[in-house]
Each structure stands twice: as C-alpha cells, then as structure tokens.
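Numbering (my numbering), first residue to last: 1 to 344. Below is one structure, written out as structure tokens, with a few remarks after it.
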C-alpha cells in the first residue's frame, strides 16, 4: 500500500497532468483566434476568429477603396475608377500576421495572458496595392486639360492703327503634388475628392515691354493713300503716297521690310505692263522710275521715291508705294530691315 506521502505526490501529478491537458485543450481552442490588443490598419481585431477578422477588414479596407478617385478644380472634376486603379488589399496576409502576433511567448505565456487578461500590443499594417501607372496617366490627363501656355503681348495692326493686345498669364498643374496626394488618398481610403493646385506662368513679353521691340512700324491705308510711321508703337509721321492701280493693287497683308537700297537699280518684272523693258535691269538715271531709295517688302512690291509727285494721293503705281523723294529719304533713315509693314 502507498504511504500518505506517495498518495499526495500521485494526486499532485494527476492534478498537474489534468491541468496541462486542460491548458493544452484551451490553447488549442484559441488557435484560430486573434489575441486581444492586436489591430490591423487601425481596426481592433482582438478576440476575433480569422474568418471574422477577414470579413471585418474587407468592410473596413476594401469597401472605402471601391470609390473612384476624384480630382476637382474650380467647378470641374475628373474621376478614376477603382477598376482602372486596380486596387488590391492583401487582407488574408494581414489576418495571418494578426493571428501569429498572439502566438509568441509559448504556451505558458499565452496562458498567463489569458488568465490575467493581458493583451498583445501590436498594430499591423495592411498592404494596399494599386496601379501607379494608372495614377500617372490620370494626372497627365488632368494636366492636359488644365495646363495653359502664357501668351505674349502682341500688336494687332490695322490700316491706320496699332492695337496692343495684352499678355495673358499661363498656368501649370502641380503634378508631382497631385500624384502624391492621390497616392495618399488610395492608401487612406474614403473617397474624399482631392483639390488640384496650379501655379501661374508668366509671359515673356508684357504690354509694357512691347514698344521697345518695335522701334519702327509702318501701316498703309490704301483707301486714304496714307502711310504712317510708328515709333515704339506710337504715331510719329504721316505721308501721302500713291498705291497700286486697279488690277495691280499693292498687296494687302502684314509684311516686313526685306531689302533696303540707296539709289536702287530697277529690275523690271516680266509683266505685260512693262512692255519692251520687261526683264531688263535699269541703272539709276532718267529711265529708272525708282528714285532715291528702295524698301522692298513683298516680291516686287516696295516703297520708293518718285518724281511724279502729281500721282501722290492716288492709285497710280504698278503695285509699289510711291513717295516724294524728300519723304522717302526721311522715312528710309527711320526704318530697318525687319520693320513690319501692314497694308490695309
């Protein structure tokens, strides 16, 4: 027969064995559950089974990311759908990590935590995956709609006027900033619109700078036989001239002085009106009707002096602009190759 001490030892062994079996059984029953204190992407999943946690996380993480990405700017909006964005959250992996977080410390540690009501302080991130090329293409599309090149100030000429057209500033989307904000919006979820931000871009030439770019400018009003000289876009002198007759009109349009000559040679055009002189070269002298100065601006058309001052104020030439010799010399000294001339 066992003595008293042996019986006590035997009972203790049995009790410990039963406790171990019970502890093992309890621990096994908790294998599929997540320890208290574990959170995934900010959601407390402690005490949940893996299936419960996965369902909760899908509601928490996937549903808000099914909203399209929306960008707004001054009443306009652009959208990128979740399908285009190819949003994916690896919920299963996050849940496996959450379950594993409570398995540390071995069986004794887990039992102590359960008995004492202890928690595992662990926050697990959920990996959000999406198409970066889709966001980049989305931002480029918005930039194409919003970006606007600046427009320099310009001159709008008329037959007897010069109108200064003011410059217009441009704008450019801050595309790197928008890309970063969209990426954060996807990772955050929720579907809130992102406001696009642009910055202004300045024109190279303003209205105040325009005059210095045009030290001289000419306008010709054929109807009133008036040639005007403008300096720094301001009226300077007015001349009475002759212009092309009917059928040989001085060509309308905007040109620039291409050739300047003193005492020019006349290269007679191959035209019916030239008669026997057609194609010839006439040196300065009595037979040369182009007197003193020549400022050519379009093919055979140009400005020159004439001795036929009685023709001034009429449509009398073969397409050129005739001036008195005194006037053409004075004008010649105030223009240069490249000076614009508008014929209206």
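Here a beta-carbon is modelled for each residue, glycine too, at the ideal position from N, C-alpha and C. If you're wondering where the values come from, they're calculated on a predicted model, not measured in any experiment.
Taking C-alpha positions only, residue 190 is separated from residue 212 by approximately 56 Å. Within its own chain, the residues whose Cβ lies closer than 6 Å to the Cβ of residue 127, once the five positions on either side in sequence are excluded, are 90, listed in chain order. Around the beta-carbon of residue 54, 16 or more other beta-carbon atoms lie within 10 Å, marking it buried. Looking at the DSSP output, residue 318 shares a beta bridge with no other residue. Assignment of beta strand (DSSP E) within the stretch 238-275, counting only whole runs of 3 or more residues, yields 253-256, 259-262 in chain order.
Judged by DSSP in its simplified three-state form, residue 51 adopts helix. Here residue 174 carries a coil assignment [DSSP, helix/strand/coil]. Between residue 124 and residue 205 a beta carbon distance of about 59 Å is seen, past the 8 Å cut, so the two are scored as non-contacting. Residue pairing from DSSP places residue 76 in a beta bridge opposite 73. About 7 Å separates the beta carbon of residue 71 from that of residue 193, a gap short enough to meet the 8 Å contact definition. The DSSP-derived three-state label of residue 301 is strand.
By the Cβ neighbour-count rule, residue 251 is exposed, with fewer than 16 other Cβ atoms within 10 Å of its own. Between residue 331 and residue 167, the alpha-carbon positions lie close to 30 Å from each other. If you look at residue 46, you'll find it isn't in any beta strand (DSSP E); DSSP assigns it neither H nor E. Counting only the Cα atoms, residue 195 lies some 25 Å from residue 60. Under DSSP, residue 227 forms a beta bridge with 220, 239. Per the coordinates, the alpha-carbon of residue 50 lies some 22 Å from the alpha-carbon of residue 65.
Sequence-distant partners of residue 129 (beyond 5 residues in either direction) whose C-beta falls short of 6 Å from its own C-beta, in its chain, are 88. Shown here, residue 310 sits in a helix according to DSSP, grouped into three states. Taking a 10 Å sphere around the C-beta of residue 238, we find fewer than 16 other C-beta atoms and assign the residue as exposed. In the DSSP assignment, residue 135 falls within the alpha helix (DSSP H) that extends over 132-146. Judged by DSSP secondary structure, residue 85 falls within the alpha helix (DSSP H) whose first and last residues are 82-85.
Using a Cβ-Cβ distance cut-off of 8 Å, the stretch 213-232 and the stretch 173-187 are not in contact, since fewer than three pairs of beta carbons, one from each stretch, lie closer than that value. Note that the C-beta distance between residue 201 and residue 257 is not below 8 Å. Setting aside the 5 residues that flank it on each side, residue 226 is surrounded in the same chain by 160, 220, 238, 239, 240, 241, each with a C-beta closer than 8 Å to its C-beta; the list follows chain order. Just so you know, the alpha carbons of residue 68 and residue 254 end up roughly 52 Å apart. In the DSSP assignment, the residues bridged to residue 282 are 266.
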